[in-house]
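Top to bottom, those sequences are chains A and B.
In terms of this note's numbering, the first sequence opens at residue 20 and continues consecutively.
In terms of this note's numbering, the second sequence opens at residue 20 and continues consecutively.
Number of protein chains: 2
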Amino acid sequence: MIGAILFRHCVGQLRLRSTASARGCSISIRCSSSPSSATSIDGKAVAKTIRDEITVDVSRMKESIGVVPGLAVILVGDRKDSATYVRNKKKACDSVGIKSLEVRLAEDCSEEQVLKSISCFNDDPSIHGILVQLPLPSHMDEQNILNAVSIEKDVDGFHPLNIGRLAMRGREPLFVPCTPKGCIELLHRYNVEIKGKRAVVIGRSNIVGMPAALLLQREDATVSIIHSRTKNPEEITREADIIIAAVGQPNMDPNAPRGYRLVGDVCYEEACQIASAITPVPGGVGPMTIAMLLSNTLISAKRIHNFE
Amino acid sequence: MIGAILFRHCVGQLRLRSTASARGCSISIRCSSSPSSATSIDGKAVAKTIRDEITVDVSRMKESIGVVPGLAVILVGDRKDSATYVRNKKKACDSVGIKSLEVRLAEDCSEEQVLKSISCFNDDPSIHGILVQLPLPSHMDEQNILNAVSIEKDVDGFHPLNIGRLAMRGREPLFVPCTPKGCIELLHRYNVEIKGKRAVVIGRSNIVGMPAALLLQREDATVSIIHSRTKNPEEITREADIIIAAVGQPNMDPNAPRGYRLVGDVCYEEACQIASAITPVPGGVGPMTIAMLLSNTLISAKRIHNFE
Numbered sequence: 020m021i022g023a024i025l026f027r028h029c030v031g032q033l034r035l036r037s038t039a040s041a042r043g044c045s046i047s048i049r050c051s052s053s054p055s056s057a058t059s060i061d062g063k064a065v066a067k068t069i070r071d072e073i074t075v076d077v078s079r080m081k082e083s084i085g086v087v088p089g090l091a092v093i094l095v096g097d098r099k100d101s102a103t104y105v106r107n108k109k110k111a112c113d114s115v116g117i118k119s120l121e122v123r124l125a126e127d128c129s130e131e132q133v134l135k136s137i138s139c140f141n142d143d144p145s146i147h148g149i150l151v152q153l154p155l156p157s158h159m160d161e162q163n164i165l166n167a168v169s170i171e172k173d174v175d176g177f178h179p180l181n182i183g184r185l186a187m188r189g190r191e192p193l194f195v196p197c198t199p200k201g202c203i204e205l206l207h208r209y210n211v212e213i214k215g216k217r218a219v220v221i222g223r224s225n226i227v228g229m230p231a232a233l234l235l236q237r238e239d240a241t242v243s244i245i246h247s248r249t250k251n252p253e254e255i256t257r258e259a260d261i262i263i264a265a266v267g268q269p270n271m272d273p274n275a276p277r278g279y280r281l282v283g284d285v286c287y288e289e290a291c292q293i294a295s296a297i298t299p300v301p302g303g304v305g306p307m308t309i310a311m312l313l314s315n316t317l318i319s320a321k322r323i324h325n326f327e
Numbered sequence: 020m021i022g023a024i025l026f027r028h029c030v031g032q033l034r035l036r037s038t039a040s041a042r043g044c045s046i047s048i049r050c051s052s053s054p055s056s057a058t059s060i061d062g063k064a065v066a067k068t069i070r071d072e073i074t075v076d077v078s079r080m081k082e083s084i085g086v087v088p089g090l091a092v093i094l095v096g097d098r099k100d101s102a103t104y105v106r107n108k109k110k111a112c113d114s115v116g117i118k119s120l121e122v123r124l125a126e127d128c129s130e131e132q133v134l135k136s137i138s139c140f141n142d143d144p145s146i147h148g149i150l151v152q153l154p155l156p157s158h159m160d161e162q163n164i165l166n167a168v169s170i171e172k173d174v175d176g177f178h179p180l181n182i183g184r185l186a187m188r189g190r191e192p193l194f195v196p197c198t199p200k201g202c203i204e205l206l207h208r209y210n211v212e213i214k215g216k217r218a219v220v221i222g223r224s225n226i227v228g229m230p231a232a233l234l235l236q237r238e239d240a241t242v243s244i245i246h247s248r249t250k251n252p253e254e255i256t257r258e259a260d261i262i263i264a265a266v267g268q269p270n271m272d273p274n275a276p277r278g279y280r281l282v283g284d285v286c287y288e289e290a291c292q293i294a295s296a297i298t299p300v301p302g303g304v305g306p307m308t309i310a311m312l313l314s315n316t317l318i319s320a321k322r323i324h325n326f327e
């Protein structure tokens with residue numbers, strides 16, 4: 020999951036990309052003062068602060084009750100981007116003291132094999148979070164597989180029961196999906212007021228756009244969601260105070276060392292000139308997404324072991 | 020549940036009411052032609068057509084497999100408005116051949132008694148839909164009670180798992196909440212195109228506003244939700260092609276025969292002058308809500324008995 024945040028003066032001038040995948044995420048925020056050069060929002064630094072906080076809590080938990088939070092990651096197939104995401108997640112777990120387990124299954128394995136792995140982790144008391152790296156090979160039923168993850172260990176927050184609770188007033192989800200949670204956390208840490216602000220979410224994916232809209236609404240923003248069927252999207256974004264764009268895609272680049280590059284949702288150079296603050300990609304929402312995964316795993320371990 | 024639909028030229032001129040209850044619902048639609056007097060959208064007539072279709076299906080089901088769809092309604096306390104809604108639902112069931120059962124519990128009964136009734140109906144194979152009339156007395160935990168209704172019999176569509184599926188792309192809810200389902204059905208029956216249109220939902224209740232927004236989004240509208248914290252709501256509604264207002268409240272009127280009157284969300288006389296089409300209240304979304312409850316009960320019986 021990639022991402023960027025930019026606090027903007029006038030995003031109406033930004034080109035809206037027409038791709039509609041959930042692989043990227045950026046945020047823009049309008050500033051009422053006159054345009055100047057963009058301040059860089061340092062998602063990487065904020066993510067580091069959060070990881071430090073998690074490290075302290077993980078070690079406190081281990082000392083107090085002897086429990087180490089555990090995350091299981093299931094990776095199916097050979098996608099390079101997926102392998103990179105999984106590697107980064109494992110590294111991040113190591114860095115805060117969370118135990119991580121990885122199961123790699125072949126591209127042509129059966130859905131039953133994936134379900135069996137999930138079932139083992141559901142029953143394993145040393146595992147508090149289970150993550151199935153998406154996308155899955157096309158012969159598998161993603162819905163069926165994600166539904167198999169125990170709601171108590173759904174650290175990705177993709178279970179429909181979690182999404183339903185996120186949508187409803189007076190209900191609390193067990194977990195909030197990591198990328199939109201990271202976006203909102205960045206807004207909080209930069210003291211951006213959300214209440215009463217007009218927010219536009221670009222993209223309506225189950226993973227980023229839709230839950231981002233629900234989160235912004237929970238914080239009393241006035242939310243509009245624009246997508247591939249929207250007429251005149253620029254007209255709507257022009258009026259927004261906060262924009263979360265979740266339609267980017269990693270640029271496949273055969274000349275890059277890994278065969279692909281990570282790019283943001285909006286043209287960075289273009290955005291710099293009109294936004295009051297901006298996060299670069301990489302270094303924007305991406306690191307926050309992983310930090311939120313660690314946070315969700317810790318929250319899960321604390322809840323399961325009734326530790327505060 | 021009350022409601023009204025109005026197809027509008029310029030709803031920007033309509034006063035937005037500041038109440039934020041879920042008891043009312045109205046729809047407005049912008050027409051590109053020049054203003055003229057409003058056409059009345061006859062929710063009552065459409066609801067009758069739908070009830071007639073349901074009657075045919077219920078009798079076909081009875082003849083083919085000997086099953087009569089059954090709805091159980093649980094009413095707690097003595098609210099006059101709730102009693103009226105329940106009476107109307109019972110009458111509507113009778114009119115289409117759906118069996119209805121009513122349980123009345125005293126205002127001061129315990130939450131356990133309500134849960135016990137729900138549990139009985141969950142286990143009763145002759146019951147295909149269970150409805151707990153809201154609001155519940157304040158000493159009860161609404162969330163706890165609604166969660167107890169079996170997801171397969173949740174004809175109100177209020178279970179978070181249903182709401183989650185409604186929010187997610189590629190997922191299908193078992194039931195769609197009745198009032199927003201009725202709004203969308205009216206738009207369909209009046210051949211109003213939704214795809215690509217700008218829709219504004221006023222109010223974000225779990226019962227009407229939020230699911231209405233999710234439904235409009237599923238039909239490819241560009242949706243904005245405005246609520247009590249929204250600044251300049253008129254500015255946003257002015258740009259909308261379709262407006263669903265779900266913030267009305269029944270006017271309590273001690274001089275009316277039943278102690279209250281049903282009124283719509285927007286001033287009807289005012290709206291008539293600027294909308295191209297409008298539903299009056301009563302006679303708008305209200306009858307559609309009940310028709311959708313019958314529809315959901317029939318859908319449930321068909322699904323449980325695998326009847327098409």
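The beta carbon of each residue, even a glycine, is placed where N, CA and C say it ideally should be.
Please read these numbers as outputs of a predicted model, since none were measured by experiment.
DSSP, read as helix, strand or coil, puts Gly-89 of chain B in strand.
The alpha carbon of Glu-121 of chain B has as its nearest neighbour, out of B:Cys-44, B:Thr-74, B:Leu-155, B:Phe-140, the alpha carbon of B:Phe-140. Distance from the CA of Arg-257 of chain A to the CA of Ile-245 of chain A, rounded to the nearest whole angstrom, comes to 12 Å.
Between Met-307 of chain A and Leu-205 of chain A, the C-beta spacing is below 7 Å. Here Ala-259 of chain B is not near Ile-221 of chain B, since their CB atoms are 7 Å or more apart. The three-state secondary structure of Ser-247 of chain A, taken from DSSP, is coil.
If only uninterrupted alpha helix (DSSP H) runs of at least 4 residues are considered, those enclosed by the stretch 120-164 of chain A are 130-142. Using a Cβ-Cβ distance cut-off of 8 Å, the stretch 176-191 of chain B and the stretch 179-190 of chain A are in contact, since at least three pairs of beta carbons, one from each stretch, lie closer than that value. Residue state for Arg-184 of chain B is assigned as helix, using DSSP reduced to three classes. When Cβ-Cβ separations below 7 Å define contact, Thr-249 of chain A makes contact with chain B. Scanning A:Cys-202, A:Lys-118, A:Arg-123, A:Met-229 for the CA closest to the CA of Asp-61 of chain A turns up A:Cys-202. For Ser-83 of chain B, there is no enclosing beta strand (DSSP E); the enclosing alpha helix (DSSP H) covers residues 62-84. For the pair Thr-198 of chain A and Val-227 of chain A, the CB atoms are nearer than the 7 Å cut-off. Among the residues facing chain B, Ile-245 of chain A is included, as its CB has a counterpart in that chain under 7 Å away. In summary, the residues of the stretch 189-205 of chain B whose CB is separated from some CB of chain A by less than 7 Å are Gly-189, Arg-190, in the order they occur in the chain. By alpha-carbon distance to Asn-325 of chain B, the top candidate from B:Pro-88, B:Val-115, B:Ala-66 is B:Pro-88. Taken in chain order, the members of the stretch 168-188 of chain A whose beta-carbon sits within less than 9 Å of a beta-carbon on chain B are Phe-177, His-178, Pro-179, Leu-180, Asn-181, Ile-182, Gly-183, Arg-184, Leu-185, Ala-186, Met-187, Arg-188. Per the DSSP secondary-structure output, Lys-321 of chain A pairs with nothing in a beta bridge. With distances taken between CA atoms, Asp-76 of chain B lies nearest to B:Val-115 out of B:Val-115, B:Ser-47, B:Asp-100. Here His-207 of chain B is exposed: its Cβ has fewer than 16 other Cβ atoms, across all protein chains shown, within 10 Å.
Here the alpha carbon of Lys-118 of chain B sits roughly 31 Å from the alpha carbon of Met-187 of chain A.
Going by beta carbons, Val-133 of chain A and Ile-149 of chain A fall outside the 7 Å limit. Secondary structure note for Ser-224 of chain B: it is in no alpha helix (DSSP H), with a DSSP letter that is neither H nor E. Excluding sequence positions up to five before and after Cys-112 of chain B, its CB lies within less than 6 Å of the CB of Leu-90, Ser-119, all in the same chain and listed in chain order.
Residue pairing for Lys-118 of chain A: DSSP places it in a beta bridge opposite A:Gly-89. Annotation: Val-242 of chain B to Val-151 of chain B spans about 30 Å, alpha carbon to alpha carbon. At a C-beta separation below 9 Å, Ile-255 of chain B has these neighbours in chain A: Arg-217, Thr-241, Ser-243, Glu-258. When secondary structure is reduced to three states using DSSP, Arg-106 of chain A falls in the helix class.
At a cut-off of 7 Å, the C-beta of Asn-225 of chain B has a neighbouring C-beta in chain A. With fewer than 16 neighbouring CB atoms inside 10 Å of its own CB, His-158 of chain B falls in the exposed class. Met-229 of chain A reaches chain B at Ala-186, Met-187, Arg-188, counting residues in chain order whose Cβ is nearer than 8 Å. Annotated as proximal: Ile-213 of chain B and Glu-238 of chain B, with beta-carbon spacing under 7 Å.
Going by DSSP, Ala-232 of chain B is part of the alpha helix (DSSP H) stretching over 228-237. Contacts between Gln-162 of chain B and chain A, judged by CB atoms closer than 7 Å, involve Gly-189, Arg-190 in chain order.
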